[in-house]
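J.:
Residue numbers (this note's numbering), protein chains in the order written: chain A, 12 to 281; chain B, 18 to 376; chain C, 7 to 285.
1. Taking 7 angstroms as the cut-off, is the beta-carbon of residue 239 of chain C closer than that to any non-hydrogen atom of the ligand FMN?
2. Who are the neighbours of residue 117 of chain B on chain C, taking C-beta pairs under 7 angstroms?
3. Rank B:65, B:321, B:29, B:261 by C-alpha distance to the C-alpha of residue 220 of chain B and give the top, closest one.
4. Quick one: Cα of residue 356 of chain B to Cα of residue 349 of chain B, how far?
5. How big is the Cα-Cα spacing for residue 164 of chain B and residue 252 of chain B?
6. For residue 261 of chain B and chain C, any beta-carbon pair shorter than 8 angstroms?
7. Would you list the one or two residues that DSSP bridges to residue 235 of chain B?
8. Please list, in chain order, the chain B residues whose beta carbon lies closer than 7 angstroms to that of residue 188 of chain C.
9. Return the first residue and the last residue of the beta strand (DSSP E) that residue 107 of chain B is part of.
10. Nearest CA to the CA of residue 362 of chain B: which residue from B:368, B:370, B:352, B:371?
11. Residues of chain A with CB under 8 angstroms from residue 27 of chain C, in chain order?
12. Beta-carbon of residue 259 of chain A versus every beta-carbon of chain C: anything under 8 angstroms?
13. Can you list, in chain order, the residues of its chain with a C-beta nearer than 6 angstroms to that of residue 79 of chain C? Leave out the 5 residues immediately preceding and following it.
14. What is the C-beta distance between residue 117 of chain B and residue 201 of chain C, in whole angstroms, given that I count them as a contact (C-beta under 8 angstroms)?
15. Just the C-alpha distance for residue 244 of chain B and residue 127 of chain B, rounded to the nearest angstrom, thanks.
16. Check this for me: beta carbons of residue 97 of chain A and residue 26 of chain A, under 8 angstroms apart or not?
17. Would you kindly check if the distance between the Cβ of residue 205 of chain A and the Cβ of residue 189 of chain A is under 8 angstroms?
18. In whole angstroms, give me the CA-to-CA distance for residue 259 of chain C and residue 275 of chain C.
19. Could you give the first and the last residue of the continuous beta strand (DSSP E) run that contains residue 215 of chain B?
20. For residue 293 of chain A and residue 17 of chain C, what's the separation of their Cα atoms in angstroms?
21. Whose Cβ in chain A lies nearer than 8 angstroms to the Cβ of residue 48 of chain C?
22. Under 7 angstroms, CB to CB, which of the residues in the segment 175-209 of chain B have a partner in chain C?
23. Rounding to the nearest angstrom, what Cα-Cα distance links residue 168 of chain A and residue 87 of chain A in this structure?
24. Pull up the distance between the alpha-carbon of residue 9 of chain C and that of residue 238 of chain A, whole angstroms please.
25. Sort A:164, A:147, A:41 by Cα distance to residue 108 of chain A and report the nearest one.
26. Quick check on DSSP: helix, strand or coil for residue 247 of chain B?
27. Might you give, ordered along the chain, the residues of its own chain that have their beta carbon closer than 6 angstroms to the beta carbon of residue 175 of chain A, omitting 5 neighbours on each side?
28. What separation, rounded to the nearest whole angstrom, lies between the Cα atoms of residue 166 of chain B and residue 150 of chain B?
29. Nearest to residue 302 of chain B by CA position, among B:333, B:312, B:293, is which residue?
30. For residue 124 of chain C, does the count of other Cβ atoms within 10 angstroms reach 16, so buried, or fall short, so exposed?
31. Go through the segment 171-199 of chain C residue by residue and report every complete run of the beta strand (DSSP E) that reaches 3 residues or more, in order.
32. Using the beta-carbon of each residue, which ones in chain A are nearer than 7 angstroms to residue 243 of chain C?
33. Quick one: list the residues of chain B neighbouring residue 179 of chain C, beta-carbon separation under 9 angstroms, in chain order.
34. State the start and end residues of the unbroken alpha helix (DSSP H) segment that holds residue 111 of chain C.
35. Is residue 41 of chain B helix, strand or coil when you go by DSSP?
36. Would you kindly work out how many angstroms separate the C-alpha atoms of residue 191 of chain B and residue 111 of chain B, rounded to a whole number?
The following block contains the structure:
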């Protein structure tokens, strides 16, 4: 490339990165700044807003609930998806397209629309099964399906399931052995990815919780924000840091092939 | 049309590269390359990856700028002229056809850029597609054609605008072996017919030797030898050329009194001023002959045939001399008399050889 | 082998119950009135001016944030694509894009309040330097503010979706154009432009669908209902009109699904064209 063109390109890139960097990092910095403000303009920085988090029982309950939901959803998702995907690959290849379509379908249905149809089902469940917030995990499994499916599919594609399972079975392994001791260990990074994605989605979920009148983390942050902006921003920063750490782990763990598949479509905010 | 008759029919231009230097960060890609190409000549730049041959081509094309040196096309100094005003045609290794255009549209594109009218464009595109034998595929897209066909369209596209120089950057490297040799002859046929001065870059010595008027062997940014294929092959100027082009036997010997003694045979030296002492002689397989079966005798050139590789009219015989293995190339009828397992006695033709004193 | 199908039953049962059933309830409920009789009243009710205005509002915000996000995101993607493909900068930016694209809802709104709210960091900074960014009232809590906030996740999404197309542009195409006598303008007008157009358009559509479906951000930011379709739906959940016309929310939801589905279908078609050219 000719030098004059190269210089122009580098200048363009520099400006773009600078402007974009500022646009994306300033709000984050602002959140940190806001959450450490004192009582007046001249008051010193304080962590009062942060310590208040633990003094607000609603917030603590919501954090606990969301973490529990995250774990339950991840586990339920793995239990539902992984055996099914393996089974389809090995025994029902004709269903592959159908399962893929269903797993990716929730991306195209807006959460707000889906929750309208979920509402009566949820009402039935609240009356007949339990009023606990943990009922949300049933619906969250559906919400995380597209992202987890992609991650698991990439992991399955990278290893030859057919050959591995046939080899194991010819050596006398039963299906649970095949799953637990052959397939899962070879997919550990894909499973980790799928789980971390689920956790990120669940922690950031607002729509379902709000409309089905449960108080999860995001709902609680919004609610507390009406009363004490500083505290809720502190929680928001904390949850953001947590999600950031999770997704950073995602980016660096996992084989390159999976990294590319994941990079295609991120989690769509609600 | 023989090569010499063809030379008279050519109407190309002279191309001169004068002392081109190009560095990238810590490496020197080109270290003072000078080359003059006669009108209508096809020069092949041959060498391993990293030798600078592609850099030389790209400097000639104007896609990169030299740190110093000059590029002169048809007497005009184009060193500071950008690529789109140099009037060169370029064929890349792969992926150069625009995927959203048909073959015809690809070929017409350059004409369009030169503001040629639609009627004349169509005619010229048809002409040049006919030249490469792809008129039937004019309305196909790149993904509907094979690699060989794509490269022929790329060639047609480069020639459509009647450039002064044709540049080919390893055009056959991405193709299957069968397609490669056919297409290589096609390219030469077209080049002779059009008579355009051409620079052909490759790492495949067979390609270079088969179609070039002259071959320039390069290493580490410098031209090691420039000459007709026959000369490069049979009279290599340096050990690098001897080993890069064709097969070479490395046989240890001793340099004494201006010649090298190799396993009992005295061979004259190509190089002058080689210091006395041990050296490795570079002997072509064709210079190794079989004088008879080993019989009961023993000697430095007596050994056992390990393998015979049938190459058509000639065969390559691998002989184990105990401490080293030597390749001999003979007419197949002669090689047939000494199948694998038999004992043979070798002789080395008294041609001048190169020696390598660095290993 | 019917026994094999048994293995897939748990999955289909689950998806059937929690995904397909709600969708069916939505589709059916939109065409049923309070007493359970079939009717088109819910659907025709969408034609009312106040609801049409909601759809227009949603469309405008989605369109604007999609366009801004697409253009800015394309520039950022171009800046990334022209750098070292294995460099740290590229990895950092794509990872960051993955993180920021998922940043939305409550946390994002509060981030912007902390930045551009009445006592936000930037607001105060600018005021100290004599610039009042809210001369006509605080627009952060209005549609224009929402659009700005949407671009915060639209731009990274664009980078993630458009970057692969940019990577598919071969340097040989530019060099071939140059050697045939073309300038930069010719290259963009006849080669890169047409090749990237489907990818750009498709990505913009994806951004549009993304913004159109979004709920949480708007719900937390805007207190007046009825500005966007998702807000209208949630308002119906808790209002008296909602109790009287249960099918209306479903009809609105169904309309949303229809719009997003069409957009995503167009996106898929454009993606197919792109992948054929820019593998």
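Even glycine gets a Cβ: it sits at the ideal position worked out from N, Cα and C.
T.: On the basis of the coordinates in this document:
1. In terms of ligand content, the structure shown is empty, and the ligand FMN therefore cannot be addressed.
2. Translated into the one-based positions of the second chain, residue 117 of chain B becomes position 100. Simply 200, 201, 283.
3. The count along the second chain starts at 1 and reaches residue 220 of chain B at position 203. Cα-wise, what sits closest to residue 220 of chain B is B:65.
4. One-based indexing of the second chain puts residue 356 of chain B at position 339. One-based indexing of the second chain puts residue 349 of chain B at position 332. Looking at the two C-alpha atoms, the distance is approximately 11 angstroms.
5. By one-based count along the second chain, residue 164 of chain B stands at place 147. By one-based count along the second chain, residue 252 of chain B stands at place 235. Using only the alpha carbons, I get a separation of about 36 angstroms.
6. Residue mapping note: residue 261 of chain B aligns to position 244 of the second chain, counting from 1. Not one chain C Cβ lies under 8 angstroms of residue 261 of chain B.
7. Locating residue 235 of chain B in the second chain gives position 218, where the first residue counts as 1. Residue pairing by DSSP places residue 235 of chain B opposite B:240 in a beta bridge.
8. Taking the third chain and counting its residues from 1, the one referred to as residue 188 of chain C is at position 182. Correct list: 101, 130.
9. Residue mapping note: residue 107 of chain B aligns to position 90 of the second chain, counting from 1. Note, residue 107 of chain B: beta strand (DSSP E), 105-108.
10. The sequence position of residue 362 of chain B within the second chain is 345, counting from 1. If we check each option's Cα against that of residue 362 of chain B, B:352 comes out closest.
11. Position 21 of the third chain, counting from 1, holds the residue named residue 27 of chain C. Going along chain A in sequence order, the residues near residue 27 of chain C (Cβ under 8 angstroms) are 128, 132.
12. Position 248 of the first chain holds residue 259 of chain A. Between residue 259 of chain A and chain C, the shortest Cβ-Cβ separation is below 8 angstroms.
13. Numbered from its first residue, the third chain carries residue 79 of chain C at position 73. Apart from the 5 residues on each side of it in sequence, residue 79 of chain C sits with its Cβ closer than 6 angstroms to the Cβ of 161, 164, 165 in its chain, given in chain order.
14. The count along the second chain starts at 1 and reaches residue 117 of chain B at position 100. The count along the third chain starts at 1 and reaches residue 201 of chain C at position 195. 6 angstroms between Cβ atoms; contact.
15. As a working mapping, residue 244 of chain B is identified with position 227 in the second chain. As a working mapping, residue 127 of chain B is identified with position 110 in the second chain. In a straight line, the C-alpha of residue 244 of chain B is about 34 angstroms away from that of residue 127 of chain B.
16. Here residue 97 of chain A is taken as the residue at index 86 of the first chain, counted from 1. Here residue 26 of chain A is taken as the residue at index 15 of the first chain, counted from 1. Contact: no.
17. Your numbering for residue 189 of chain A matches position 178 in the first chain. Your numbering for residue 205 of chain A matches position 194 in the first chain. No, Cβ-Cβ distance for residue 189 of chain A and residue 205 of chain A is not below 8 angstroms.
18. Indexing the third chain from 1 puts residue 259 of chain C at position 253. Indexing the third chain from 1 puts residue 275 of chain C at position 269. Rounded to whole angstroms, residue 259 of chain C to residue 275 of chain C spans 24 angstroms at the Cα level.
19. As a working note, residue 215 of chain B is residue 198 in the second chain. It spans 214-219 - the beta strand (DSSP E) in which residue 215 of chain B sits, taken as one unbroken run.
20. With chain A covering 12 to 281 only, the question about residue 293 of chain A has no answer from this structure.
21. Numbered from its first residue, the third chain carries residue 48 of chain C at position 42. Residues of chain A with a Cβ closer than 8 angstroms to the Cβ of residue 48 of chain C do not exist; the shortest Cβ-Cβ separation is about 12 angstroms.
22. For the segment 175-209 of chain B, the residues whose beta carbon sits under 7 angstroms from a beta carbon of chain C are, in order, 178.
23. On the first chain, position 157 is the one that residue 168 of chain A refers to. On the first chain, position 76 is the one that residue 87 of chain A refers to. In a straight line, the C-alpha of residue 168 of chain A is about 22 angstroms away from that of residue 87 of chain A.
24. Walking along the third chain from the start, residue 9 of chain C turns up at place 3. Walking along the first chain from the start, residue 238 of chain A turns up at place 227. Their Cα atoms are separated by approximately 58 angstroms.
25. Counting from 1 along the first chain, the entry for residue 108 of chain A is found at position 97. The candidate whose alpha carbon is nearest that of residue 108 of chain A is A:164.
26. One-based indexing of the second chain puts residue 247 of chain B at position 230. Residue state, collapsed to three classes: helix.
27. Here residue 175 of chain A is taken as the residue at index 164 of the first chain, counted from 1. So the qualifying residues of the chain are 193.
28. Residue mapping note: residue 166 of chain B aligns to position 149 of the second chain, counting from 1. Residue mapping note: residue 150 of chain B aligns to position 133 of the second chain, counting from 1. The C-alpha of residue 150 of chain B is placed about 9 angstroms away from the C-alpha of residue 166 of chain B.
29. The count along the second chain starts at 1 and reaches residue 302 of chain B at position 285. Relative to the Cα of residue 302 of chain B, the nearest Cα in the group B:333, B:312, B:293 belongs to B:333.
30. For the purposes of this step, residue 124 of chain C is identified with residue 118 of the third chain, where counting begins at 1. Around the beta-carbon of residue 124 of chain C, fewer than 16 other beta-carbon atoms lie within 10 Å, marking it exposed.
31. Qualifying beta strand (DSSP E) stretches: none in this window.
32. Within the third chain, numbered from 1, the residue matching residue 243 of chain C stands at position 237. For residue 243 of chain C, the chain A residues whose C-beta falls within less than 7 angstroms of its own C-beta are 222, listed in chain order.
33. The residue labelled residue 179 of chain C in the question sits at position 173 within the third chain. Result: 112, 113, 114, 115, 116.
34. Taking the first residue of the third chain as position 1, residue 111 of chain C is located at position 105. Element bounds for residue 111 of chain C: 111-122.
35. Position 24 of the second chain, counted from the first residue, corresponds to residue 41 of chain B. Looking at residue 41 of chain B - three-state DSSP - the assignment turns out to be strand.
36. The residue labelled residue 191 of chain B in the question sits at position 174 within the second chain. The residue labelled residue 111 of chain B in the question sits at position 94 within the second chain. Distance between the alpha carbons of residue 191 of chain B and residue 111 of chain B: 7 angstroms.
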